[in-house]
Structure formats: C-alpha cells, structure tokens
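Residue numbers (the working numbering): 309 to 567. By construction, the Cβ of each residue, glycine as well, lies at the ideal position given by its N, Cα and C atoms. Okay, so here's the structure we're looking at.
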C-alpha cells in the first residue's frame, strides 16, 4: 500500500504542535507570560511539570497569545492536504483545501513522558469532539464502490484518542556554537470513536447517488478509517514536524529546557 501525502503550512499550524513545544519554552522569566510554567530537565518531576505547563496554557490557546506571537487556534486553519492511496480496498486521490478544524483546544492531556537522555517525548491526549469544514476533490474507489466529486465537506468527530511520540536529536549550531534540538521522527496514532461525514455534490450533484454514498461512508466508518488512517496520520505528522523544527531552530536547548 502506497501513500503520498503533501501538506502546506500556515502560521496557525503553531496550534497544531503547540502543546508539544510551548511547555518546554522557558527562556528568561521576564520574556514569557506569567501563566507559563517553567520546567527544568533535571527536575525529577519533569513529566508532571510539563503536563501542568500545558494544562495551564490550554485555556489561552483559543484566543491566541500575542506575547508569544501565537494566533488564535480556534479554528485551526490548514491551507491544503493531498492524499493519494493507490492500493487496497480504499484507492483514492483526494485534495482538501481551506480546511478549518474547531475543537482542538478542548483536548485533555492524559499523560506526558519526557525522556531527556533519549530526546524523546510521548503524549496521550483525548479530544471530546472535532468539527471540520473543507473544500474537497475526490476520485477513486471505496470498498469497490466508485466515488467522485468536488464541493464542500463537513465532518463531526467525537471520542478521539491520540498518542504522539516525538523523537529528536541534539546538534551544535554553526551560527552560535550552542546545542539545539530538532525533531527527526514524529509519530501520531489516533482512534476516532464516532464520525459523521457529509460531502456535498458527489457524482456531479446526483442526489440519489450522493446520499447513498454519504450513508455508506458513515455506516462503514470503522472500515474506511482503518484504510485511510496511515495516510491521515502521515499528513498530521508532516504538519507537526515541519513547524516544530522551525520553533526549535530559534532556541538553544538550555532555553527550551534549562538544566
């Protein structure tokens, strides 16, 4: 099974990776908002500190944090995602543009595990619900049934469990000579409890075929999700990894996570 995933970044992608990064941004106390808890990598309760830092930050994400140049995270906007899957029960080529996702700031952080020596972070999150809107273009086959169309897509997802593992490495900056951190691999695994998806204008506006396909997709969501899940996880991982390295490149490790 082959996946080709292309993503384009936007400034609002800060929100997508924020809970993985901002919990580590320390710097000088006068440079950061008072509500941001500073964590130290030698703290024996580092995991608890990072979790508290993220929990304290979460209420501020909806409106944005001007002091940190963080825009509003509600809704999260992603310009474009392309997914091409050429084999298996779900064989599609699809493009989604002007994507808006609401509900991301309502996440519940269940656990954090920071391995300083191995440069690894693992987080478990729970999202009660997400609401999505996008323009779509799709062509292919889903469980042997043809699907094609373009228009607006609306989706409501609930009971979402997310596990994210971030693997990084340390390197010496040629410009400053200081030690920095960068993400080498980022894995996202998610499971959606329930989903309701509706695509307008399938089959050139044929309402009978369109309604039948939307009903089929929702009745068989668990099967469809299992097939497209790797591609979606790759898309999310690409967004997170690209933006996180933009943040990390600006700060030495001792600033992000002081001793």
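Length of the line joining the Cα atoms of residue i and residue j
i           : j           : result
residue 467 : residue 438 : 9 angstroms
residue 333 : residue 346 : Reliability fails at residue 333, whose pLDDT of 47 lies under 50, so the model's placement of it is uncertain and no value is given.
residue 417 : residue 470 : 10 angstroms
residue 359 : residue 430 : 11 angstroms
residue 331 : residue 542 : In this predicted model, residue 331 has a pLDDT of only 49, less than 50, meaning its place in the structure is not dependable enough to derive any value.
residue 426 : residue 539 : 27 angstroms
residue 514 : residue 473 : 43 angstroms
residue 501 : residue 397 : 21 angstroms
residue 517 : residue 565 : 55 angstroms
residue 461 : residue 563 : 42 angstroms
residue 520 : residue 432 : 36 angstroms
residue 440 : residue 556 : 29 angstroms
residue 373 : residue 363 : 15 angstroms
residue 458 : residue 410 : 22 angstroms
residue 408 : residue 401 : 20 angstroms
residue 399 : residue 405 : 20 angstroms
residue 447 : residue 558 : 41 angstroms
residue 494 : residue 527 : 32 angstroms
residue 537 : residue 434 : 17 angstroms
Heavy atom of the ligand PLP within 6 angstroms of residue i beta-carbon
i           : result
residue 436 : Absence of the ligand PLP from the depicted structure is noted, as is the absence of any ligand whatsoever, leaving it without description.
Nearest candidate by alpha-carbon position, reference residue i, set the options
i           : options               : result
residue 344 : 366, 403 and 536      : 366
residue 496 : 558, 553, 548 and 374 : 548
residue 535 : 484, 391, 363 and 414 : 391
residue 252 : 450, 385, 404 and 424 : Examination of residue 252 is not possible in this model, given that the chain is present from 309 through 567 alone.
residue 436 : 412, 456, 424 and 485 : 412
residue 354 : 422, 440 and 503      : 422
residue 512 : 521, 406, 546 and 456 : 456
residue 385 : 443, 522 and 361      : 443
residue 509 : 445, 493, 371 and 403 : 445
residue 380 : 388, 389 and 368      : 368
residue 499 : 530, 506, 507 and 480 : 530
For residue i, the first and last residue of its enclosing alpha helix (DSSP H)
i           : result
residue 519 : 515-527
residue 355 : 354-369
residue 563 : 561-564
Rounded Cβ spacing between residue i and residue j (contact assumed at less than 8 angstroms)
i           : j           : result
residue 482 : residue 489 : 15 angstroms between Cβ atoms; not a contact.
residue 567 : residue 350 : 5 angstroms
residue 453 : residue 524 : 7 angstroms
Run of the beta strand (DSSP E) containing residue i, from where it starts to where it stops
i           : result
residue 473 : 453-480
residue 435 : 428-450
residue 503 : 487-507
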